[in-house]
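S.K.: To start, I am sharing the structure in question, which I have written as C-alpha cells.
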C-alpha cells in the first residue's frame, strides 16, 4: 500500500511540475492555486477523470484571458483513488499544504460527506459538480449539480404528462446506497401525493456493479404487463447500467413498452454501450451535449481540441464545473481576494452563463438555478432533447416531500444557517 | 387511439381504391401531402396526426414510411416541403416511393419521441397484419393484442380465415379472443370460447385480458374467467420456479467461467492469485481489440469476431500469466501471504496499465447476431446470450477436464501438485510444469473474459467484481476439485436466484455469504474435499 501511494504521489508531482513550469518563470510565486480532487484510479476513475481534464481546460482558458486578480491560476491535481477516507486526507493536503484557494471535486455522496469535516475545520470552499440526493446545505460547499427537484421530480412530471406517455405505474430501481435511497424516498412520497397507489410503485435495490439482471428485468416485465403504462425510474449507478440495458434489450423490452428514465446515465456512460437497442430510453439532466447554442458549440470545440480527441463527449457534471468555476472566478473578482470567508459572502447572487443558453445564479442555499432537460437516447449515443422546463428551476436543498425536511431551508445570506426551520424559526432544529 | 378506429375504416376503402388504380391515387396523394404539411408544423402532436394520414392513405409504402419514421429516417426540407425516407442507405421519394440518388439539400430528419413511436407501432400493428413476413404478422398481432384495438376485430376475422402459417394463425386466434373479451358485447358462447383460448395461452398478458371478463355481468362468464385466471396463476407460479432454475444455471455458468481458471491456479497449484480477475479483464479487452479490427477491416464478418477472440484471449492472458509466474510467483511458493500481496500488486498494475492504454471509460463490445435477443420456450424467457454462455461454460469445463485427465501435461500437473519432489526425481521439469499450469489457468480466465464481455462492462474494473465470487466458488466446491467447482458454481447460482425474488438482490448476496461461512465452518475443505496426502504436501 505504502509503495503504491508514494508512487502515485510521485506521478502527481511529476504531472504538476509540467503544468507549473511556465507560470513560475513569468511571475514567481504569484499564482492562485486551485485544487482538483477527482479520482484518477479505482472504480470512480471512469467518471471522474473527465472532470479533472475539464477543470484543467477551464483553468488554462482563464489563464489565457489573463488569469485572476492579475495572477496566473495553477491547478493542483491529487488522486484520491476512489477511496473515501483518502478523499479527506487529500483534501487536507490540498488546503493546508498546497494552500489552494478553492477545491473542485468529489463525485459520490460518500466522498463528499468524507471531505466535509475537513472543509469546515480548515474553512475552505468546495465546488461539488454532481447531481445528488439533497438534504444538505453547508457553508463551505457549493452544489453546482442538480438537487432532486432539479432532476428527479421534473423527470417524473414529464412521464406523467401526455408527451411522456401518461405513466401510471412506477418501478424505482436503484443501486443500494444513499443517493438512490433518498431520491426514491422523495419520489415515492411525491408519487403518493400525486395519487399513485402503493401497489403501483415497485422499489428495487441492487448491489454496486450488479451484473445479473435476469430476475429483476423479468420482474419489471411482469410488473409492467398489468395493463397500465409503466416506466422505470433508474438511479442505477455506473457500471451496473450496461448489463441492465443489455438484459432489457435481450428480453425485448423497448422504450415504447416500458421506458427507462435514468439519472446517472450520460453521454460518457453511453460511450460503452451498444445503443442501437436503447433508442428512446430517457435521461434527465441539466445539460446535454446535443443542446444547440453558440456557447455550447464553442465549449465542445475547445474540449475536443484540449483533449486532442474528436470522439470525446461532454456531459452534465462538466457543465456544472464550467458554471461553478466561472462563478468562483466572478466572486473572487467581486471580493478582490481569494479569502474563503469573503468569497463565500460574495458568491451568493453571482450569475454566469450556462451552456444551455441561459444564466445560472448562485442561491443563498448554495445551490444554483438550472433548466431541466429530458433527452431520448439516439443511435449515435447522443441525446435528443424532447422536453425542457419553461424556465430555470431553483435548487432546493431540503426536499418538500420528506416529513423531516419540508420546513427546512438553507440560507447563508440572511440567516447564516444551512438548516433553518421556518416553523420554529430556529437554526439546526429539524 | 382515437385515430386508430377512424383510419381502420379508411384503410380498407382506400386500400381497395389504391389497388384498383395500381399505384398512388390522387386521394392518397393528398393524404400524403397533408402528412408533409403536418411534419413541417413540427410538434409531436402534428407528427402523430401525420401518422394518422399516412395510415389512412393506404399506399403500399406506408409501412416502409412508418418504419423509417420510427428510426428518424424521414427527412423534410421545411421550405420546399420535399420529403424523403430512407431504407438502409437508399433514399425514396415520400410521395411516390421512387428511388432517389441521394439525400436532398437542406432536409432535416423529422423528430420523434416515445409517444410518436407508440402511435407508429399502433398504426403498423394494423397495417402489418397483412405483411408478407410471418414474423412481422405475429408482432403486429401482438401489438393489437396488447392495445386491445377492438376496431381491428372484423378485419382480423377475415385474415384468420385466409391465414396458413400455424404459428401466425394461433396468434391471430389469441388476439381475436382478447379483442372479444375487451369489446365485451359478444354473445355468451363467444365469450366462453374466448376465455378458454386465453386459459390455454397461460401467459401474463392473458391474465390482463381476462380481468375484464371476470367482472362480466353474466355470472357464468365471470366464473369461467376467474377459474381461468386461477389456473393461469398456478401455472405461472410453477413456471416461475423453472425460470428461477434457468436463471440460476445461467448465473452459475458465469460463476463457473470466472472461477474455473482459479480452480487451476488456486485449486491445483495452491497459489492465491489476486490478479486472476485481471486475466478475465485482459480476455475481455482482447475481444474488444479483435472487434475493433473486424469493424475496421471486415465489418461483414463481424459475427466471427468472438470465435477469433477466444484463442487470442487464451494466448494473451496465458502469456501474461506465464510472465507473472516466472517473474514473481515462483520466488514466493510456500509463502501465501507474500503471494497474496504480490499478486494483488500485479492486479493494480494491470488495471492501471489498461486504464492508461484504453482509457478509464467502458469499451463497447458488440454482440454478434446469434447472441442478441431471445425466445420463449414453455413459458420460459430464454435469451440467446445466456444460452450460449451456459453451453460455452460447459464446453470449457469439459475440455479442461480432458486436458487434465488425458494429456501428458495434465498428467505432469497432477504429479507435481501431488508430490513435487517425487515428480522432480522422476524427471519432470517442475518449474516448466508450474509455468504451464499457471498459464493454462490464466488462459482459461482469458476465455472467460470473452464470454463475460457479452454480459458485463468492459472496463478496467471488470476483474475486481469477479475475484471474490471466484474464490467463493472454488473454496465452496473444494480446493483442487474441478467437479467441485462445477457443482459449487451451479449451486450458488441457483440458490442465489431462488433467494433473490423474495429477499432482494442485496440481501440475497449477504445470505449466500452467511450460508457459505456456516458451511465452511462445518466442512473447511468444501463439498468435494480431496482426500489423502495431496493437500498436506
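Residue numbers (the working numbering), protein chains in the order written: chain A, 1 to 430; chain B, 431 to 967. Virtual Cβ for every residue (Gly too), placed ideally from N, Cα, C.
Suppose the cutoff is 6 Å on Cβ atoms and the five residues either side in sequence are ignored; what does the same chain contact list for residue 950 of chain B look like?
M.R.: Here the question's residue 950 of chain B lines up with position 520 in the second chain. Around residue 950 of chain B: no qualifying Cβ.
S.K.: Please compile the residues from chain B whose C-beta is within a distance smaller than 7 Å of the C-beta of residue 200 of chain A.
M.R.: Stepping through the first chain from its first residue, residue 200 of chain A is reached at position 200. Here the premise fails: no neighbours, minimum Cβ distance about 15 Å.
S.K.: Can you give me the C-alpha to C-alpha distance between residue 713 of chain B and residue 880 of chain B, rounded to a whole angstrom?
M.R.: Position 283 of the second chain, counted from the first residue, corresponds to residue 713 of chain B. Position 450 of the second chain, counted from the first residue, corresponds to residue 880 of chain B. Distance between the alpha carbons of residue 713 of chain B and residue 880 of chain B is about 6 Å.
S.K.: Can you tell which of B/945, B/903 and B/699 has the C-alpha that lies nearest to the C-alpha of residue 845 of chain B?
M.R.: Here residue 845 of chain B refers to the residue found at position 415 when the second chain is read from its first residue. Among B/945, B/903 and B/699, the Cα nearest to that of residue 845 of chain B is on B/699.
S.K.: Shortest alpha-carbon distance to residue 545 of chain B belongs to which of A/107, A/145 and A/164?
M.R.: Here residue 545 of chain B refers to the residue found at position 115 when the second chain is read from its first residue. Here the closest residue by C-alpha is A/164.
S.K.: For residue 405 of chain A, count neighbouring Cβ atoms within 10 angstroms of its own Cβ and tell me buried if that reaches 16, exposed if not.
M.R.: Your numbering for residue 405 of chain A matches position 405 in the first chain. Buried, by the Cβ-count rule.
S.K.: Which of the residues in the stretch 48-64 of chain A, read from start to end, lie with their CB under 9 Å from any CB of chain B?
M.R.: Within the stretch 48-64 of chain A, the residues whose Cβ lies closer than 9 Å to some Cβ of chain B are 48, 49 and 50, listed in chain order.
S.K.: Using a Cβ cut-off of 8 Å, which residues of the stretch 202-214 of chain A contact any Cβ in chain B, in chain order?
M.R.: Cβ contacts with chain B: 204, 205, 206, 207, 209, 210, 211, 212 and 214.
S.K.: Taking the alpha carbon of residue 826 of chain B as the reference point, which residue from B/559, B/871, B/772 and B/925 has its own alpha carbon closest?
M.R.: Looking up residue 826 of chain B in the second chain gives position 396. Comparing Cα-Cα distances from residue 826 of chain B to each of B/559, B/871, B/772 and B/925, the minimum goes to B/871.
S.K.: With a threshold of 8 Å between beta-carbons, can residue 225 of chain A be considered close to chain B, or not?
M.R.: Taking the first chain and counting its residues from 1, one reaches residue 225 of chain A at position 225. True, the Cβ-Cβ gap to chain B drops below 8 Å.
S.K.: Compare the C-alpha of residue 286 of chain A against each of A/222, A/304 and A/375 and name the closest.
M.R.: Counted from its first residue, the first chain places residue 286 of chain A at position 286. Among A/222, A/304 and A/375, the Cα nearest to that of residue 286 of chain A is on A/375.
S.K.: Residues of chain B with CB under 7 Å from residue 386 of chain A, in chain order?
M.R.: Position 386 of the first chain, counted from the start, is the residue given in the question as residue 386 of chain A. Going along chain B in sequence order, the residues near residue 386 of chain A (Cβ under 7 Å) are 543.
S.K.: Taking residue 837 of chain B and residue 850 of chain B to be in contact with their CB atoms under 8 Å, please state how far apart those CB atoms are, rounded to whole angstroms.
M.R.: Taking the second chain and counting its residues from 1, one reaches residue 837 of chain B at position 407. Taking the second chain and counting its residues from 1, one reaches residue 850 of chain B at position 420. With a Cβ gap of about 19 Å, residue 837 of chain B and residue 850 of chain B do not count as contacting.
S.K.: Candidates B/607, B/511 and B/459: which alpha carbon is nearest residue 620 of chain B's?
M.R.: As a first step, residue 620 of chain B is located in the second chain; it is residue number 190 there, counting from the start. The option with the nearest alpha carbon to residue 620 of chain B is B/607.
S.K.: For residue 73 of chain A versus residue 59 of chain A, is the C-beta spacing smaller than 8 Å?
M.R.: Working through the first chain from its first residue, we reach residue 73 of chain A at position 73. Working through the first chain from its first residue, we reach residue 59 of chain A at position 59. A contact, by the Cβ cut-off of 8 Å.
S.K.: How would you call residue 856 of chain B, buried or exposed, if buried means at least 16 neighbouring beta carbons within 10 angstroms?
M.R.: Translated into positions along the second chain, residue 856 of chain B becomes position 426. Its Cβ having fewer than 16 others within 10 Å, residue 856 of chain B is exposed.
S.K.: Any idea what DSSP makes of residue 925 of chain B, helix, strand or coil?
M.R.: As a working mapping, residue 925 of chain B is identified with position 495 in the second chain. In the structure shown, residue 925 of chain B sits in a helix (DSSP, three-state: H, G or I).
S.K.: Kindly indicate which three-state DSSP category residue 687 of chain B falls into: helix, strand or coil?
M.R.: For the purposes of this step, residue 687 of chain B is identified with residue 257 of the second chain, where counting begins at 1. Correct three-state label for residue 687 of chain B: helix.
S.K.: Using 10 angstroms around the beta-carbon of residue 213 of chain A, count the other beta-carbons present and answer buried if the total reaches 16, otherwise exposed.
M.R.: Indexing the first chain from 1 puts residue 213 of chain A at position 213. When all chains shown are included, residue 213 of chain A counts as buried.
S.K.: Tell me where the alpha helix (DSSP H) around residue 376 of chain A begins and ends.
M.R.: As a working note, residue 376 of chain A is residue 376 in the first chain. That residue, residue 376 of chain A, is in no alpha helix (DSSP H); its beta strand (DSSP E) goes 373-377.
S.K.: Does residue 702 of chain B get closer than 8 Å to chain A when you measure Cβ to Cβ?
M.R.: Locating residue 702 of chain B in the second chain gives position 272, where the first residue counts as 1. Closer than 8 Å: no.
S.K.: By the 10 Å Cβ neighbour count, where 16 or more other Cβ atoms means buried, how is residue 927 of chain B classified, buried or exposed?
M.R.: The residue labelled residue 927 of chain B in the question sits at position 497 within the second chain. So residue 927 of chain B counts as buried.
S.K.: Using a cut-off of 8 Å between C-beta atoms, extract the partners of residue 334 of chain A located in chain B.
M.R.: Numbered from its first residue, the first chain carries residue 334 of chain A at position 334. Under the 8 Å cutoff, chain B gives no residues; its nearest Cβ is about 37 Å from residue 334 of chain A.
S.K.: List, in order along the chain, the chain B residues whose C-beta lies closer than 8 Å to that of residue 461 of chain A?
M.R.: In the structure displayed, chain A extends from 1 to 430; residue 461 of chain A sits before or after that span and is not available.
S.K.: On the three-state DSSP scale, how would you describe residue 199 of chain A?
M.R.: Numbered from 1 along the first chain, position 199 holds the residue referred to as residue 199 of chain A. Three-state result, residue 199 of chain A: helix.
S.K.: Is the stretch 196-213 of chain A close to the stretch 883-895 of chain B, with three or more CB pairs under 8 Å?
M.R.: Because the criterion of three Cβ pairs below 8 Å is met, the stretch 196-213 of chain A and the stretch 883-895 of chain B touch.
S.K.: With 16 other CB atoms within 10 Å as the buried threshold, where does residue 26 of chain A fall?
M.R.: Taking the first residue of the first chain as position 1, residue 26 of chain A is located at position 26. Summary for residue 26 of chain A: the model assigns pLDDT 45, below 50, so the residue's position carries little reliability; its value from the coordinates is reported in the next sentence. Exposed: under 16 other Cβ atoms inside 10 Å.
S.K.: For residue 552 of chain B, which of B/717, B/582 and B/647 has the nearest alpha-carbon?
M.R.: Translated into the one-based positions of the second chain, residue 552 of chain B becomes position 122. Closest option to residue 552 of chain B, Cα to Cα, is B/582.
S.K.: Please confirm whether residue 33 of chain A and residue 99 of chain A have their CB atoms less than 8 Å apart.
M.R.: Taking the first residue of the first chain as position 1, residue 33 of chain A is located at position 33. Taking the first residue of the first chain as position 1, residue 99 of chain A is located at position 99. Cβ distance < 8 Å, so residue 33 of chain A and residue 99 of chain A count as in contact.
S.K.: Could you confirm whether any beta carbon from chain B is found closer than 8 Å to the beta carbon of residue 174 of chain A?
M.R.: Sequence index remark: in the first chain, residue 174 of chain A carries index 174 (1-based). With 8 Å as the cut-off, residue 174 of chain A does not count as an interface residue toward chain B.
S.K.: Helix, strand or coil for residue 733 of chain B, going by three-state DSSP, please let me know.
M.R.: The residue you call residue 733 of chain B lines up with position 303 of the second chain. Helix, per DSSP.
S.K.: Let me check one thing: in DSSP terms, what residues is residue 515 of chain B bridge-paired to?
M.R.: Taking the first residue of the second chain as 1, we reach residue 515 of chain B at position 85. Residue 515 of chain B is bridged to B/504 and B/522.
S.K.: What is the rounded straight-line gap between the Cα of residue 245 of chain A and the Cα of residue 257 of chain A?
M.R.: Residue numbering aside, residue 245 of chain A sits at position 245 when the first chain is read from its first letter. Residue numbering aside, residue 257 of chain A sits at position 257 when the first chain is read from its first letter. Taking the straight line from one Cα to the other gives about 14 Å.
S.K.: Using the beta-carbon of each residue, which ones in chain A are nearer than 7 Å to residue 899 of chain B?
M.R.: Looking up residue 899 of chain B in the second chain gives position 469. Result: empty, since nearest Cβ-Cβ is about 10 Å, beyond 7 Å.
S.K.: Can you have a look at residue 764 of chain B and say buried or exposed, based on whether 16 or more other CB atoms are within 10 angstroms of its CB?
M.R.: Locating residue 764 of chain B in the second chain gives position 334, where the first residue counts as 1. Classification for residue 764 of chain B: exposed.
S.K.: On the criterion of 16 or more Cβ atoms from any shown chain inside 10 Å, does residue 873 of chain B qualify as buried, or is it exposed?
M.R.: Within the second chain, the letter at position 443 stands for residue 873 of chain B. The residue in question, residue 873 of chain B, is buried, as its Cβ has 16 or more Cβ neighbours within 10 Å.
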